[in-house]
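A.B. asks: Quick note: the UniProt record's numbering has the sequence shown finishing at residue 197, numbered continuously throughout.
Just so it is clear, CB atoms sit at the ideal spot from N, CA and C, and this is done for glycine as well.
This is the structure, below, for whatever I ask next.
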Amino acid sequence: MSERHDATPRDDAPLSTSKDSDAAEAAGETIVDARGSSLIGRTVTINRPRAELFAYWRDFSNLPRFMDNIVRIDILDECRSHWVIKAPGGRTVEWDSVVTEEADGEYIAWASAEGADVPNSGRIDFRDASGGRGTVVTATILYDPPAGMVGRLIAKMFQREPAIQARRDLRRFKQLMETGEIATAARTRAELEEEKD
């Protein structure tokens, strides 16, 4: 018995890095109220149902559990939240974020409000993975690095550059959703404190 294959193979790459030029061009067009000039995209496949992953992400108070640079997110109402993020040099940056568009179980799009320290916008997409392998989660983010190119270089040196952070955050999200915990390579500060007692 032979399997049926589509004539055109499906490209699971993030829109921003897809080899399909139409898909790459669509990356910027899928973000309503685009804010920012630097585009990044990251994708991960998570062995959990799409609806479960969407619901967890949509409760923005969950995001600091796996997004390392988030100090806190204050929920202002159903569509607005205030974000405080770690920046290089021990600083923080802040902005209000507004959900600009969403489809339950499929995607959430956002944009920073006027006056953000780091203007940004983006979209998180959730779609069923082929072969019943769970869910493909794709983050597509536009942002303006603080202080332009110099700020981006400094952020990269301190590992706080959004492209690096997005890859790590999605990896931690996968670990948390599949295992219930996030693996760490070193002992945490809390573990070190416990050992001192």
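Three-state secondary structure (DSSP) at G90?
C.D. replies: Here residue 90 refers to the residue found at position 90 when the sequence shown is read from its first residue. The answer is helix: DSSP assigns G90 an H, G or I state.
A.B. asks: Per DSSP, what kind of secondary structure is N69 in: helix, strand or coil?
C.D. replies: The sequence position of residue 69 within the sequence shown is 69, counting from 1. In this structure, DSSP gives N69 a state outside helix and strand, which the three-state scheme calls coil.
A.B. asks: Count the other C-beta atoms from every protein chain shown that fall within 10 angstroms of the C-beta of A87, then say buried if there are 16 or more, exposed otherwise.
C.D. replies: As a first step, residue 87 must be located in the sequence shown, where it is residue number 87. When all chains shown are included, A87 counts as buried.
A.B. asks: Assign R72 to one of two classes, buried (16 or more other C-beta atoms within 10 Å of its C-beta) or exposed (fewer than that).
C.D. replies: Counting from one through the sequence shown, the residue named residue 72 turns up at place 72. R72 is exposed by the Cβ-count criterion.
A.B. asks: With distance defined between alpha-carbon atoms, name the residue in A129, L142, G90 and D77 nearest to R48.
C.D. replies: Residue numbering aside, residue 48 sits at position 48 when the sequence shown is read from its first letter. It is A129 whose Cα lies nearest to the Cα of R48.
A.B. asks: Is the region 89 to 99 in contact with the region 73 to 81, if contact means three or more CB pairs nearer than 8 Å?
C.D. replies: yes
A.B. asks: Reducing DSSP to helix, strand and coil, say where residue 201 ends up.
C.D. replies: Because the chain here runs from 1 to 197, residue 201 falls outside it and cannot be looked at.
A.B. asks: Quick one: residues in its chain with C-beta nearer than 8 Å to the C-beta of E181, no 5 flanking neighbours on either side, listed in chain order?
C.D. replies: Taking the sequence shown and counting its residues from 1, the one referred to as residue 181 is at position 181. Result list for E181: Q175, in chain order.
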